[in-house]
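Colleague:
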DNA sequence: CGAGTAGCCTACCAGTTCACTAGGCTATTC
DNA sequence: GAATAGCCTAGTGAACTGGTAGGCTACTCG
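Chains as they are written, first to last, in this note's numbering: chain A, 9 to 158; chain B, 9 to 158.
(1) Cα separation between residue 22/A and residue 37/B?
(2) Relative to the alpha-carbon of residue 184/B, which residue among 24/B, 75/B, 55/B and 109/B has its alpha-carbon at the smallest distance?
(3) Would you mind sorting residue 83/B into buried or exposed? The rule is 16 or more other CB atoms within 10 Å of its CB.
(4) Do three or more CB pairs link the segment 24-35 of chain A to the segment 96-111 of chain A at distances below 8 Å?
(5) From this set, 135/B, 65/B, 130/B and 124/B, which residue's C-alpha is nearest residue 142/A's C-alpha?
(6) Could you tell me whether the segment 133-140 of chain B touches the segment 83-97 of chain B, where touching means 3 or more Cβ pairs closer than 8 Å?
(7) Tell whether a beta-carbon distance below 8 Å holds between residue 59/A and residue 89/A.
(8) Span of the alpha helix (DSSP H) holding residue 16/A?
(9) Give the DSSP-derived three-state secondary structure of residue 68/A in the structure shown.
(10) What residue range is occupied by the uninterrupted alpha helix (DSSP H) comprising residue 46/A?
(11) Identify the contact partners of residue 143/B in chain A, using a Cβ-Cβ distance below 9 Å as the criterion.
(12) DSSP on residue 74/B, reduced to helix/strand/coil?
(13) Using a Cβ-Cβ cut-off of 8 Å (strictly less than) and excluding sequence neighbours within five positions of residue 39/B, which residues of its own chain qualify?
(14) Can you grab the Cα-Cα spacing for the pair residue 126/B / residue 94/A, in whole Å?
(15) Quick check on the DSSP output: the alpha helix (DSSP H) that includes residue 147/B runs from which residue to which?
(16) With distances taken from CA atoms, which of 147/A, 91/A and 122/A is nearest residue 144/B?
(17) According to DSSP, residue 103/A sits in a beta bridge with which residue or residues?
(18) Since residue 129/B and residue 139/A should fall inside the 8 Å C-beta cutoff, what is the C-beta to C-beta distance between them, to a whole number of angstroms?
(19) Let's see if you can read the secondary structure: which residues bound the alpha helix (DSSP H) around residue 123/B?
(20) Contact check, residue 73/B vs residue 16/B under 8 Å by CB: the rounded distance?
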């Protein structure tokens, strides 16, 4: 499950990427346009800033801009920051591996076997989709974006 | 995230499928062998029974057996029963669709666009993997089970 | 310089979910 | 009819979710 935190964070980043320039966007504008509770968004952006995905300027004329090129920000990165590991179960996570206490032989575990495939499938999509890809798909959305991935 | 409920449920079903026959297995045996809290497993099996995935017999010599052929029980079905929809976000769910209140145009939503792919990826794996497939993969696990899916 | 703006930071909170546990009831078998 | 094994309802503590509140700090512009 994608939390609202992650959903809001993704929406905000997409919005920032769409406006493009180095003119910062205020939290309140972002919140209004994307229908996100302002104070909550504040927290989310702060966390994204901590990971360098966005940068901010204070005072009049301040706000947020992207912290690095939009094509270097992947959906996977954002989701991992805001929601933690992509893996449905810790014993198949690349970034937060932890073994199940109740598993005598990990290699023989059927649940793990299947969930590993699921994790790989999710990661394959999210780590290979940058926010630029999403925006591009959006602008050409009427004619079924084919061959989306590199 | 896969809850423990779902994990335990899957493990129990796999165990029941492995023993195969029509000799029922007791909850307490299942719990001991699979390292699952007994009372918790009881609840889980009860729910699976409600959906016909397992059947039970009471009294001496009683216990649980599969409620239908193992090759007709998919991982997706089990996860949906115990954990709800596979979709990471409700607006892309097939079984529990719900529109986001904060989305003016669903077709244009970038988050939805990507999460739809994720949902489809997850469903493709889980709905096409029956518990027999998992067991088969386990017995041949040393030589890299290739071409797993139909 | 100083007023206003806009982000920063800490704290708090209600509601829900998760992972169990308790304990009695009921059906079945021998 | 006693033992067994599943059925069923309830409860519970801890963690997480999705916010809100409110003051502080940095920055800009006149």
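C-beta atoms are modelled at their ideal positions from N, C-alpha and C, and glycine is treated no differently.
The structure presented is a predicted model; accordingly, all values stated were derived computationally and were not measured.
Modeller: Result, derived from the coordinates:
(1) Translated into the one-based positions of the first chain, residue 22/A becomes position 14. Translated into the one-based positions of the second chain, residue 37/B becomes position 29. For residue 22/A and residue 37/B, the distance between alpha carbons rounds to 52 Å.
(2) The first residue shown for chain B is 9 and the last is 158, placing residue 184/B beyond what the model contains.
(3) In the second chain, counting from the first residue as 1, residue 83/B sits at position 75. Residue 83/B is buried by the Cβ-count criterion.
(4) Output reads no: the segment 96-111 of chain A does not touch the segment 24-35 of chain A.
(5) The sequence position of residue 142/A within the first chain is 134, counting from 1. When only C-alpha atoms are compared, the closest one is 124/B.
(6) The segment 133-140 of chain B makes contact with the segment 83-97 of chain B, as at least three CB pairs between them are under 8 Å.
(7) Working through the first chain from its first residue, we reach residue 59/A at position 51. Working through the first chain from its first residue, we reach residue 89/A at position 81. Yes, they are a contact pair.
(8) Here residue 16/A corresponds to residue number 8 of the first chain, with the count starting at 1. Membership of residue 16/A in the alpha helix (DSSP H) is indicated by the continuous run 12-27.
(9) Stepping through the first chain from its first residue, residue 68/A is reached at position 60. Coil.
(10) The count along the first chain starts at 1 and reaches residue 46/A at position 38. It spans 46-58 - the alpha helix (DSSP H) in which residue 46/A sits, taken as one unbroken run.
(11) Stepping through the second chain from its first residue, residue 143/B is reached at position 135. Within chain A, the residues near residue 143/B are 118.
(12) Numbered from 1 along the second chain, position 66 holds the residue referred to as residue 74/B. Looking at residue 74/B - three-state DSSP - the assignment turns out to be strand.
(13) Your numbering for residue 39/B matches position 31 in the second chain. Within the same chain, residue 39/B has close Cβ partners 45, 46 and 49.
(14) On the second chain, position 118 is the one that residue 126/B refers to. On the first chain, position 86 is the one that residue 94/A refers to. The alpha-carbon atoms of residue 126/B and residue 94/A are separated by roughly 11 Å.
(15) Numbered from its first residue, the second chain carries residue 147/B at position 139. For residue 147/B, the enclosing alpha helix (DSSP H) begins and ends at 139-147.
(16) As a position in the second chain, residue 144/B is number 136, starting the count at 1. It is 122/A.
(17) The residue you call residue 103/A lines up with position 95 of the first chain. Paired residues: none, contrary to the question.
(18) Numbered from 1 along the second chain, position 121 holds the residue referred to as residue 129/B. Numbered from 1 along the first chain, position 131 holds the residue referred to as residue 139/A. Actually they are not in contact, since the Cβ atoms of residue 129/B and residue 139/A sit about 19 Å apart, beyond 8 Å.
(19) Here residue 123/B is taken as the residue at index 115 of the second chain, counted from 1. Element bounds for residue 123/B: 118-135.
(20) Locating residue 73/B in the second chain gives position 65, counting from the first residue. Locating residue 16/B in the second chain gives position 8, counting from the first residue. So it is not a contact: roughly 18 Å between Cβ atoms.
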